[in-house]
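Asks: The numbering of the sequence shown is numbering that gives the first Met the number 0, which starts it at 0 and goes up by one. Even glycine gets a Cβ: it sits at the ideal position worked out from N, Cα and C. Since this is a predicted model, take the numbers as computed values, not measurements.
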Amino acid sequence: MTAHYSLMADARPGDNALHVYSPFDGTLLAEVDTVDEQGGRQALARAHELYASRQLWLEPSQRLEILTTAATRLAEQADRLADIALKEGGKPLVDTRVELARAVDGLRLCAQCIRTGHGEEIPMGINPASRGRLALTHHEPIGVVLAYSAFNHPINLIVHQVGPAIAAGCPVVVKPASETPMSCYELVRILQEAGLPPEWCQVISTASHEVSEALVSDPRVGFFSFIGSAGVGWRLRSQLAPGARCALEHGGIAPVLIAEDADIDAAIPLLAKGGFYHAGQVCISVQRVYCPAAIAEQVAARLAEAGAAMVVGDPALETTDVGPLIRQREVERIDGAVKAAVASGARLMGGGEPIGERCYAPTVLLNPPADAEVTCHEIFGPVISVYA
């Protein structure tokens with residue numbers, strides 16, 4: 000049965016719905032209401048009303064209770080949310096459970112910060128002008144938080160963006176990734192059940208880049224939290240209104256250096272997990288491994304052997320190690336990059352082919368050239384390149 004998610008925002012829905020599909024088998028999972036630019040600005044306006052009226056602010060004790068209760072409720076509903084997250088995101092069950100545990104811990108840490116986060120006393124009496132005076136700093140909310148999230152950790156990333164905003168007393172408008180909005184809606188529903196007034200965390204969805212860019216430039220945004228590609232993040236940052244602050248979490252290539260005296264037996268399982276976890280769709284996925292020439296081929300062969308032993312397929316199964324790519328076109332993109340590297344001189348040590356239409360075999364390349372795509376860019380797929 001296809002689920003339907005209405006906007007969790009004080010905004011008028013747009014005309015188009017967002018369709019959420021399983022990355023593993025293409026099943027339609029949900030239809031999600033979206034906002035146009037007017038609806039997005041309505042959500043920001045409501046959030047700014049809360050921030051501008053101190054009498055509407057949530058007391059620290061309220062925020063502490065909400066986050067603590069939400070952590071407990073999330074732990075109680077972990078199996079249900081794990082099922083939703085793996086269906087829309089494709090991360091295998093065993094790894095999704097770890098993500099849920101991290102999300103619970105994240106909410107608890109946010110609650111703890113309310114207890115420990117405080118201002119400081121500034122030393123006075125050190126000159127005639129400061130004699131007999133007392134000076135203190137006091138932390139206050141920075142303003143409305145606008146958060147754009149990513150698909151690869153659909154629950155934990157939302158916790159990282161929404162949890163600190165609530166802890167700091169900031170109204171937040173969050174836009175989950177269009178591929179994985181269900182997890183965000185479910186998490187925010189838990190926060191509301193824990194006592195968070197709905198207007199303090201509004202969820203909006205849109206597949207329109209124009210709408211996303213328009214909201215970022217709104218002067219009511221006090222802080223912009225972004226998780227996604229570097230190109231998009233830097234472009235959005237350049238459009239922030241004067242005075243708005245931001246935190247950008249981008250990708251990487253996660254290089255690993257292997258020393259001559261390294262314990263290869265201990266390293267191989269860690270490298271394989273680091274490179275093939277969530278089909279390589281992680282910003283810290285191990286993409287490059289640099290080794291002494293004498294052991295490079297051995298390392299590549301053993302990584303290929305470890306990849307070949309991994310079970311690729313249905314993320315809902317306990318035995319699955321590597322799930323699907325988030326979109327079918329990603330399989331084609333990765334396969335093209337691997338084949339181009341091999342054509343230009345890289346040795347294919349293992350993998351190197353799609354498994355069905357939505358998965359890709361854990362792949363190891365030895366010595367791709369310096370100008371290959373797998374060398375120059377983040378591959379964001381289950382591909383490890385070993386360099387001598």
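Between Arg357, Pro122, Glu87, which has its C-alpha nearest isoleucine 333's C-alpha?
Replies: Arg357
Asks: Entirely within the stretch 83-160 and at least 3 residues each: give me those beta strand (DSSP E) ranges in chain order.
Replies: Here the runs fully enclosed are 143-147.
Asks: In chain order, what residues of the same chain have a beta carbon less than 6 angstroms from the beta carbon of isoleucine 257, not counting five sequence neighbours either side?
Replies: Cys290
Asks: If you draw a straight line from the C-alpha of glutamate 120 to the C-alpha of glutamate 192, how long is it?
Replies: 37 angstroms
Asks: Can you tell me whether alanine 10 is buried or exposed, with buried defined as 16 or more other CB within 10 angstroms of its CB?
Replies: buried
Asks: Could you check the C-alpha separation between glutamate 304 and isoleucine 267 for me, to the nearest Å?
Replies: 10 angstroms
Asks: Quick check: the Cα distance between arginine 345 and proline 368, rounded to an integer number of angstroms?
Replies: Per the sequence shown, the amino acid found at residue 345 is alanine instead of arginine. A straight-line Cα-Cα distance of about 7 angstroms links alanine 345 and proline 368.
Asks: Contact check, leucine 316 vs leucine 49 under 8 angstroms by CB: the rounded distance?
Replies: Not a contact, Cβ separation roughly 44 angstroms.
Asks: Helix, strand or coil: which one does DSSP assign to glycine 350?
Replies: coil
Asks: So, do the stretch 181-190 and the stretch 32-47 have three or more beta carbon pairs nearer to each other than 8 angstroms?
Replies: no
Asks: Can you tell me whether glutamate 87 is buried or exposed? The criterion is at least 16 other CB atoms within 10 Å of its CB, across all chains shown.
Replies: buried
Asks: Roughly how many angstroms separate the alpha carbons of proline 196 and alanine 70, rounded to a whole number?
Replies: Between the alpha carbons of proline 196 and alanine 70 lies a gap of roughly 16 angstroms.
Asks: Do three or more CB pairs link the stretch 92-102 to the stretch 309-326 at distances below 8 angstroms?
Replies: yes
Asks: How big is the Cα-Cα spacing for tyrosine 20 and aspartate 217?
Replies: 31 angstroms
Asks: By Cβ distance below 8 angstroms, which residues in the same chain neighbour valine 341 in space, the five residues on each side in sequence not counted?
Replies: Only Leu347, Gly351, Leu364 meet the Cβ criterion.
Asks: Could you give the distance in angstroms between the alpha-carbon of alanine 271 and the alpha-carbon of glycine 242?
Replies: 43 angstroms
Asks: What's the C-alpha gap between histidine 249 and arginine 132?
Replies: 45 angstroms
Asks: Using DSSP with H/G/I as helix, E/B as strand and the rest coil, what is leucine 195?
Replies: coil
Asks: Taking three-plus beta-carbon pairs below 8 angstroms as touching, is the stretch 216-236 in contact with the stretch 74-89?
Replies: Fewer than three beta-carbon pairs drawn from the stretch 216-236 and the stretch 74-89 are found closer than 8 angstroms, and the two stretches are therefore not classed as touching.
Asks: Pick helix, strand or coil for glutamate 248, following the three-state DSSP scheme.
Replies: In the structure shown, glutamate 248 adopts extended strand secondary structure according to DSSP, grouped into three states.
Asks: CA-CA distance, glutamate 377 and valine 97?
Replies: 24 angstroms
Asks: Relative to the C-alpha of threonine 67, which candidate in Glu259, Ser384, Gly105 has its C-alpha closest?
Replies: Gly105
Asks: Can you check which of these residues, Val158, Val373, Pro140, Gln61, is closest to arginine 244 by C-alpha distance?
Replies: Pro140
Asks: Hey, glycine 168 and leucine 57 are a contact pair by Cβ (cut 8 angstroms); roughly how many whole angstroms apart?
Replies: 6 angstroms
Asks: Find the nearest neighbour of glutamine 297 within the set Ala387, Gly279, Ser237, judged by alpha-carbon distance.
Replies: Ala387
Asks: From Gly162, Gln280, Glu259, pick the residue whose C-alpha is nearest to that of isoleucine 65; which is it?
Replies: Gly162
Asks: Can you list, in chain order, the residues of its chain with a C-beta nearer than 6 angstroms to that of tryptophan 199? Leave out the 5 residues immediately preceding and following it.
Replies: Pro170
Asks: Where DSSP assigns a beta bridge to histidine 3, which residues make up the other side?
Replies: Glu30
Asks: Are there 16 or more other CB atoms within 10 angstroms of the CB of glycine 221, so buried, or fewer, so exposed?
Replies: It is buried - the Cβ of glycine 221 has at least 16 other Cβ atoms within 10 Å.
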